[in-house]
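Heads up, the thing below is written out as structure tokens.
In our numbering, the protein residues as written are 2 to 288.
Here's what the structure looks like:
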């Protein structure tokens, strides 16, 4: 159990309890959820939409299924598995925010489920009421690869799911941890006109490329000052670059916290509320 200084000026206890549960769930689903599997009570389990009512919207099959839904997409003869989370309360008569979550190095692979074992998916399973959003959860195929190289896949998944669900175009939000934190900075910079906000956790990147491109975006970065995997200086360099370019990013440096700063971040109601409150900067065109 660790401690972290919270925004309200007090110590927050951080525990990794519950991660084992998610790892068991991921293992049980095997390679991307067996067909006709049933969701666990509460609607938060994985599903391949078996037995759901189907309608047509654009060229994407839309279902009444809710929870963590297994997906697969093809581009140029290659395939990627990913997951989309749809809240139980989803109602197509409204416009919903969309969050894209980028996992860390250890959740890379092609199984289509391991990326649920850490970070935002785990936080959603614990407190789904905090996250009333459609969440796209890609999986990077190799540990050595960078999320920046996966950017076309990520954006293709976003477009596919935007066509499937009732999404507010001005509330596309990007977050991730570790390698996914780096991906948040990089893909945020590559497609700065698309995002309403960035929330990179213990990330890294090239300040020269990123700083000016993300300066107009709301950003809340989080990093532990005892992180021995990715030093906190990496985040501070990027925050400084964005500030020098005229931006106003917020950074939470967690005293005594190591690499796992994401448990604190995604576990904070203030963090979720801030992220979901953001809207795209008016006047920026959408590609």
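The beta-carbon is built from N, C-alpha and C at its ideal position, and this holds for glycine as well.
Cross-strand partners of residue i (DSSP beta bridge)
i: residue 223; result: 202 and 253
i: residue 188; result: Partner(s): none; residue 188 has no beta bridge.
i: residue 176; result: 102 and 200
i: residue 83; result: 72 and 139
i: residue 168; result: 97
Extent of the continuous alpha helix (DSSP H) run through residue i
i: residue 91; result: First-last for residue 91: undefined, no H or E at that position.
i: residue 237; result: 233-245
i: residue 116; result: First-last for residue 116: undefined, no H or E at that position.
i: residue 268; result: 263-268
i: residue 212; result: 208-215
i: residue 280; result: Taken as a continuous stretch (DSSP letters only), residue 280 belongs to no alpha helix (DSSP H), as it is neither H nor E.
i: residue 122; result: 121-127
Member of the options whose CA lies at the smallest distance from the CA of residue i
i: residue 211; options: 111, 149, 67 and 243; result: 243
i: residue 107; options: 99, 101, 100 and 117; result: 117
i: residue 175; options: 72, 137, 65 and 282; result: 137
i: residue 76; options: 161, 220 and 264; result: 161
i: residue 114; options: 141, 94, 153 and 98; result: 141
i: residue 87; options: 79, 80, 71 and 81; result: 71
i: residue 119; options: 111, 128, 104 and 282; result: 104
i: residue 94; options: 166, 217, 219 and 145; result: 166
i: residue 262; options: 225, 238, 251 and 281; result: 225
i: residue 227; options: 111, 257 and 237; result: 257
i: residue 163; options: 229, 189, 201 and 134; result: 134
i: residue 153; options: 145, 81 and 281; result: 81
i: residue 190; options: 69, 66, 240 and 90; result: 240
i: residue 251; options: 128, 112 and 217; result: 217
i: residue 1; options: 219, 123, 281 and 253; result: One cannot answer for residue 1 here, as it falls past the ends of the chain, which runs 2 to 288.
i: residue 159; options: 102, 145 and 177; result: 102
i: residue 238; options: 207, 200 and 181; result: 207
i: residue 79; options: 92, 111 and 66; result: 111
i: residue 109; options: 271, 196 and 178; result: 178
i: residue 145; options: 180, 128 and 127; result: 180
i: residue 198; options: 69, 279 and 89; result: 279
Integer Cβ distance of residue i from residue j, believed to fall under 8 Å
i: residue 186; j: residue 275; result: Rounded, the Cβ-Cβ distance is 18 Å, inconsistent with contact.
i: residue 183; j: residue 204; result: 4 Å
i: residue 215; j: residue 248; result: 7 Å
i: residue 246; j: residue 213; result: 4 Å
i: residue 255; j: residue 98; result: Not really, about 26 Å apart at Cβ, beyond 8 Å.
i: residue 74; j: residue 157; result: 6 Å
i: residue 273; j: residue 131; result: 4 Å
i: residue 230; j: residue 202; result: Rounded, the Cβ-Cβ distance is 12 Å, inconsistent with contact.
i: residue 125; j: residue 155; result: Residue 125 to residue 155, Cβ: 19 Å. No contact.
i: residue 139; j: residue 83; result: 5 Å
i: residue 127; j: residue 91; result: The Cβ separation is near 19 Å, so there is no contact.
For this session: Decide if the segment 143-150 is in contact with the segment 158-172; the criterion is three or more beta carbon pairs, one per stretch, under 8 Å apart.
Result: Taking 8 Å as the limit for Cβ pairs, the verdict is that the segment 158-172 does not touch the segment 143-150.
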